[in-house]
Amino acid sequence: MSIVMTGGGTGGHLAIVRAVKEQLVNNADKRDQGAELRAYKEVSQSDTSQNSSPFTLHSSLPTKLVYIGSTKGQDRQWFEDDVDFEAKYFLKTKGVVNQRGIGKLQALWMMFKAFLEARKLLKKHHAKVVFSVGGFSAAATAFAAKSLGIPLVIHEQNAAQGSLNRLLKPFSAAFISSYLEESPIKAYPVKEVFFQNAHIRKKANTVIFLGGSQGARAINELALSIAPELKERGIKIIHQAGSNHIEEVENTYKELGIEAEVFGFTTKLADYMNEADFAIARAGASTLWELSAAALPTLFVPYPYAAGDHQYHNAKFLVDKELAWLMKENEIGKEKVLALLDENLEIKSRGLMEIVEKDGSREIALFLKAFTDK
Ligand SMILES: CC(=O)N[C@H]1[C@@H](OP(=O)(O)OP(=O)(O)OC[C@H]2O[C@@H](n3ccc(=O)[nH]c3=O)[C@H](O)[C@@H]2O)O[C@H](CO)[C@@H](O)[C@@H]1O
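Just so we're aligned: the sequence shown equals residues 1 to 374 in the UniProt record's numbering.
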């Protein structure tokens, strides 16, 4: 029997699969099979010929993990070589919603063929539950689960629900969303390191600008426009400018005679957040919950072209609780932003610490595991 995980396309979806998968492999099993799993790991580490998942090799470990994604998007990059899954499948699918005319018909036909394939795979692996993180990559397997009467557990990352998740919500065994009161699990799967760095901010000594690894023009422009005032106030600047904009942004700081730490992609985001007292950031779900876990007061500038304007709704969720600030790109004003630095950061920081729940991935892993115990 197995837990089948599906969905992806973008890192935002795939990160949830990975976080929950890691918990299933490392922690959730401690409840009932911990000793056995650890014993297995010791054996397999001393035997280099075994490079496959612990779940595959020992039939005494009942739960296997299977991933079903798409050939399109980033699914392959993330999981093709992942040995924690007993099996990985990448079905030929593409998004239906954004297609028109003949393209839509082709996408639907591909989806139908993938649906039939997914049904076979779910039967073959004796799926006890299907965990979907949404995105077109999840559609075939999610529908296949429903058609076979296999419980479907959905994780929605955003406050504005994705079209597939919205469609399947009434048919799901559980709909997990950190934004919904009725969600069985409220905690967002955030890496522990962000919580470890949480501390109360009182004064904006360091400001971090986070435009994501690709950078955000509006955030870059804002940063450079308020940089002279920040310098005057003795505030340090950390600036994620995006891989393609580092040089141009660095040069502008130089021309302004301002020292700033500028970078593109980083694996040390948690450290940068730890150093900062105030953030100006996009409102992608993981980033938003990581900033919240770090108790870092933030002005969100949502990406305006996100599907269903979901970044706006993500940020609004915190703003409605008075835990963050929000400005659409066309609302940004230099003076308005500078005024926020004088606001009471401590209230926001404390509020975030109180509301943000830990252990999201572990709770989801245990929730899924329960289906295999039935
Ligand atoms: C442009 C877009 O539509 N993005 C969507 C995409 O997320 P997308 O992957 O773009 O953004 P998220 O904020 O959800 O995740 C970014 C992740 O990458 C990490 N990171 C980022 C930059 C960096 O230099 N180093 C690093 O490690 C962050 O810590 C975070 O864990 O799916 C999310 C979940 O459906 C949505 O909420 C986002 O709106």
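C-beta: ideal position from N, C-alpha, C; glycine also.
* Could you check where the alpha helix (DSSP H) with residue 445 kicks off and where it finishes? -> An answer regarding residue 445 cannot be provided, because it is not within the stretch 1 to 374 covered by the chain.
* What does a CB cutoff of less than 6 Å around residue 304 pick up in its chain, not counting 5 residues either side in sequence? -> 329
* If you draw a straight line from the alpha carbon of residue 412 to that of residue 190, how long is it in whole angstroms? -> The first residue shown for the chain is 1 and the last is 374, placing residue 412 beyond what the model contains.
* Asked: Expressed to the nearest angstrom, what Euclidean distance is found between the alpha-carbon atoms of residue 295 and residue 338?
  -> 20 Å
* To do: Can you grab the Cα-Cα spacing for the pair residue 371 / residue 251, in whole Å?
  => 56 Å
* Grouping DSSP H, G and I as helix and E and B as strand, with all else coil, what is residue 192? -> helix
* **Burial state of residue 302 (16 or more Cβ within 10 Å)** => buried
* Asked: Any chance the CB of residue 10 is under 7 Å from a heavy atom of ligand 1?
  -> yes
* To do: Taking the CB atoms as reference points, tell me whether residue 197 and residue 244 lie closer together than 8 Å.
  => no
* Asked: Cβ of residue 150 within 8 Å of Cβ of residue 122?
  -> yes
* Asked: What residues match up with residue 321 in a beta bridge as DSSP calls it?
  -> In the DSSP output, where bridge partners are listed per residue, residue 321 has none listed.
* Ignore the nearest five residues each way along the sequence and tell me which others in residue 340's own chain have a CB closer than 7 Å to its CB. => 299, 325
* Mind pulling the beta strand (DSSP E) runs of 3 or more residues that sit fully within the UniProt domain "Glycosyltransferase family 28 N-terminal" (67 to 171)? -> 87 to 91, 127 to 132, 152 to 156
* Less than 7 Å between the CB of residue 179 and some heavy atom of ligand 1, yes or no? -> no
* Asked: Under the three-state reduction of DSSP, which class applies to residue 5: helix, strand or coil?
  -> strand
* Asked: Is it right to say residue 314 is buried, meaning 16 or more other beta carbons lie within 10 angstroms of its own, or is it exposed?
  -> buried
* **C-alpha distance - residue 131 paired with residue 170, whole-angstrom precision** => 15 Å
* To do: Please decide whether residue 280 counts as near chain D, where near means a Cβ-Cβ distance under 8 Å.
  => Absent from the structure is chain D; it holds one protein chain and no more.
* To do: Under the assumption that residue 277 contacts residue 206 (Cβ atoms under 8 Å), give the Cβ distance between them as a whole number of angstroms.
  => 5 Å
* For residue 357, I'd like the list of residues in its chain whose CB is within less than 7 Å of its CB, leaving aside the five on either flank, ordered along the chain. => 186, 187
* Measure the beta-carbon distance from residue 10 to residue 135 and round it to whole angstroms, keeping in mind my assumption that it falls under 8 Å. => 7 Å
* Asked: Does DSSP classify residue 240 as helix, strand or coil?
  -> strand
* To do: Just the C-alpha distance for residue 118 and residue 289, rounded to the nearest angstrom, thanks.
  => 32 Å
* **Backbone secondary structure at residue 363 - three-state DSSP** => helix
* Counting Cβ pairs closer than 8 Å, one from the segment 91 to 106 and one from the segment 171 to 186, do we hit at least three? -> no
* Ordered along the chain, which non-local residues of its own chain (more than five positions away) have a Cβ less than 8 Å from that of residue 359? -> 187
* Asked: Starting from residue 275 and walking both ways along the alpha helix (DSSP H), at which residues does that stretch end?
  -> 269 to 275
* Per-residue burial, residue 209 [other beta carbons within 10 Å of its own, 16 or more giving buried] -> buried
* Status (buried if at least 16 other CB within 10 Å, exposed otherwise) for residue 3 -> buried
* Asked: Which residue comes first and which comes last in the beta strand (DSSP E) that contains residue 296?
  -> Unbroken run through residue 296: none, as it is neither H nor E.
* Got a sec, what are the start and stop residues for the beta strand (DSSP E) residue 349 sits in? -> Per DSSP, residue 349 belongs to no beta strand (DSSP E); it is in the alpha helix (DSSP H), 345 to 355.
* To do: Write down the C-beta distance between residue 311 and residue 282 rounded to the nearest angstrom, noting that I regard them as a contact closer than 8 Å.
  => 6 Å
* Inter-residue Cα distance where the pair is residue 16 and residue 260 -> 32 Å
* To the nearest angstrom, report how far apart residue 32 and residue 366 are at their CA atoms. => Low per-residue confidence applies at residue 32: pLDDT is 45, beneath 50, and the placement is therefore not dependable, though the value from the model is reported in the following sentence. Approximately 11 Å between the Cα atoms of the pair.
* To do: Within 10 angstroms of the Cβ of residue 167, are there 16 or more other Cβ atoms? Answer buried if so, exposed if not.
  => exposed
* Should residue 1 go down as buried or exposed, given a rule of 16 or more other Cβ atoms within 10 Å for buried? -> exposed
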